[in-house]
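Novice: All residue numbers for the sequence shown refer to this note's numbering, where the first residue is 1337 and numbers rise by one. Just so it is clear, CB atoms sit at the ideal spot from N, CA and C, and this is done for glycine as well.
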Amino acid sequence: MPAAQAPLPRSLEPLPEESLPGFLLRLTHRLDLTPHQLARRVTLIPPDDPHARVSAAHLLMMQSARLNAFAEVTRMAPADADALTLRPYADRYPALARALVRPGSIPRPRRLSQPWLLVNHSRYCPACLAGDGTPIQNRHGGPWKRQWRLAVVFACLDHWTFLRSECPRCRLPALSGRTGGPLALLPAANAPRLHPAQCRNWLDGSGKREVCGHRLDGAEPAPCGPHP
Ligand SMILES: [Zn+2]
Ligand SMILES: [Zn+2]
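The following block contains the structure:
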């Protein structure tokens, strides 16, 4: 049961189809916090553990005590907080239902290794990440969308473009962090002052820990798009 926290003085309204990590990244940018600081503030990790990570299972769903605490701190309705997770897709997407539900028990995340769920990275549409030109999206970027985590979704029908998987600079899957570590919802959770559209993967090889930081919202248009 997460400890109660006072509501944040300022929050953000979730964008249509926005994912939980996407919302958290925009809110860290608005409040000038690191993802780790924000995760502690919104009760996704315990307040007293400096090494805790936000579980990737929250991508799938938040259980009700956590969901209500998170919604209260971020000043949104519990239904809007639930809509940041993939849980509402469960009745239409069998792979997700299987990841959530054991027969005869209440839904809870039980398997994160489903090949039809991209829990350790996200595809992305550069134009969606760039935002729709409204002041709030100009300031904090557009949404990292939930459905980009479903392996069957490969195109953005708002911008008629195929989704990208890799960052053009580090060549690693977007939001994947680094290979081999435990699954985390937000890679580079202690890196300050990254824009939500910046790549958060760690660069290997230099000997020192450096985040890639490439802007994923500025990618060149794809040479061809999907046909109706
Ligand atoms: Zn798009
Ligand atoms: Zn990168």
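#1: Pick out whichever of Q1341, L1351, F1498 has its Cα sitting closest to the Cα of L1420.
#2: For ligand 1, any of its heavy atoms closer than 7 Å to the Cβ of A1463?
#3: With H, G and I counted as helix, E and B as strand and the rest as coil, what does DSSP make of R1560?
#4: Going by alpha carbons, who is nearest to W1484 out of W1452, T1470, R1434?
#5: Can you give the beta carbon distance from L1499 to C1492, rounded, assuming they're within the 8 Å contact cut?
#6: Could you check which residue in A1525, A1426, H1495 has the C-alpha nearest to that of P1564?
#7: Quick one: what does DSSP say W1480 is sitting in, helix, strand or coil?
#8: Rounded to whole angstroms, how far is the Cβ of H1372 from the Cβ of L1521, which I believe are closer than 8 Å?
#9: Using a threshold of 7 Å, is the CB atom of C1492 nearer than that to any non-hydrogen atom of ligand 1?
#10: Please name the residue, chosen from F1406, N1537, A1435, D1468, that lies closest to H1360 on a Cα-to-Cα basis.
#11: Just checking my contact of N1456 with S1501 at CB under 8 Å: how many whole Å lie between their CB atoms?
#12: Return the Cβ separation of L1508 and N1526 in integer angstroms, given the expectation that the two are a contact with Cβ distance under 8 Å.
#13: So, using beta-carbon positions, are E1546 and L1539 closer together than 8 Å?
#14: Compute every distance between the C-beta of H1550 and the non-hydrogen atoms of ligand 1, then say whether any falls below 7 Å.
#15: Give the DSSP bridge partners of T1497, in chain order.
#16: Rounded to whole angstroms, how far is the Cβ of R1434 from the Cβ of Q1450, which I believe are closer than 8 Å?
#17: Which parts of the stretch 1399 to 1445 are runs of the alpha helix (DSSP H), unbroken and 4 residues or longer, counting only runs that do not cross its ends?
#18: Less than 8 Å between the C-beta atoms of L1380 and R1362, yes or no?
#19: Would you kindly work out how many angstroms separate the C-alpha atoms of T1410 and H1387, rounded to a whole number?
#20: Does the beta-carbon of G1561 have 16 or more other beta-carbons within 10 angstroms, so that it is buried, or is it exposed?
#21: Are there any heavy atoms of ligand 2 lying less than 7 Å away from the beta-carbon of L1508, as far as the coordinates show?
Specialist: Concretely, from the data shown:
#1: On the sequence shown, position 84 is the one that residue 1420 refers to. That would be L1351, whose Cα lies nearest to the Cα of L1420.
#2: The count along the sequence shown starts at 1 and reaches residue 1463 at position 127. True, at least one ligand heavy atom lies under 7 Å from that Cβ.
#3: In the sequence shown, the residue the question calls residue 1560 occupies position 224. Arg is not the amino acid found at residue 1560; the sequence shown has Cys there. Of the three classes helix, strand and coil, the one that applies to C1560 here is coil, per DSSP.
#4: Indexing the sequence shown from 1 puts residue 1484 at position 148. The shortest C-alpha to C-alpha distance from W1484 to any of W1452, T1470, R1434 is the one to W1452.
#5: Along the sequence shown, one-based indexing puts residue 1499 at 163. Along the sequence shown, one-based indexing puts residue 1492 at 156. In this structure, L1499 and C1492 form a Cβ contact; the two beta carbons are roughly 6 Å apart against a cut-off of 8 Å.
#6: Translated into the one-based positions of the sequence shown, residue 1564 becomes position 228. Measuring from the Cα of P1564, the nearest candidate turns out to be H1495.
#7: As a first step, residue 1480 is located in the sequence shown; it is residue number 144 there, counting from the start. Note: W1480 maps to coil in three-state DSSP.
#8: What you label residue 1372 is simply residue 36 of the sequence shown in a count that begins at 1. What you label residue 1521 is simply residue 185 of the sequence shown in a count that begins at 1. Not confirmed; about 11 Å, so no contact.
#9: Here residue 1492 corresponds to residue number 156 of the sequence shown, with the count starting at 1. It does: the Cβ of C1492 is within 7 Å (strictly closer) of some heavy atom of ligand 1.
#10: For the purposes of this step, residue 1360 is taken as the residue at position 24 of the sequence shown. For the sequence presented, residue 1360 should be read as Leu rather than His. Measuring from the Cα of L1360, the nearest candidate turns out to be F1406.
#11: Counting from one through the sequence shown, the residue named residue 1456 turns up at place 120. Counting from one through the sequence shown, the residue named residue 1501 turns up at place 165. Incorrect: roughly 12 Å between the Cβ atoms, too far for contact.
#12: Indexing the sequence shown from 1 puts residue 1508 at position 172. Indexing the sequence shown from 1 puts residue 1526 at position 190. With 8 Å as the limit, L1508 and N1526 do not qualify as a contact, their Cβ atoms being about 18 Å apart.
#13: If you number the sequence shown from 1, residue 1546 lands on position 210. If you number the sequence shown from 1, residue 1539 lands on position 203. In contact: E1546 and L1539 (Cβ atoms closer than 8 Å).
#14: Indexing the sequence shown from 1 puts residue 1550 at position 214. For ligand 1, not one heavy atom lies less than 7 Å from the Cβ of H1550.
#15: Along the sequence shown, one-based indexing puts residue 1497 at 161. BP columns for T1497 point to C1492.
#16: Taking the first residue of the sequence shown as position 1, residue 1434 is located at position 98. Taking the first residue of the sequence shown as position 1, residue 1450 is located at position 114. Confirmed, about 7 Å.
#17: 1400 to 1409, 1414 to 1418, 1430 to 1436
#18: The residue labelled residue 1380 in the question sits at position 44 within the sequence shown. The residue labelled residue 1362 in the question sits at position 26 within the sequence shown. R1362 sits away from L1380, with the two beta carbons spaced by 8 Å or more.
#19: Stepping through the sequence shown from its first residue, residue 1410 is reached at position 74. Stepping through the sequence shown from its first residue, residue 1387 is reached at position 51. Between T1410 and H1387, the C-alpha separation is close to 23 Å.
#20: Here residue 1561 refers to the residue found at position 225 when the sequence shown is read from its first residue. The residue in question, G1561, is exposed, as its Cβ has fewer than 16 Cβ neighbours within 10 Å.
#21: For the purposes of this step, residue 1508 is taken as residue 172 along the sequence shown, with counting starting at 1. Using a cutoff of 7 Å, the CB of L1508 counts as near ligand 2, since one of the ligand's heavy atoms is closer than that.
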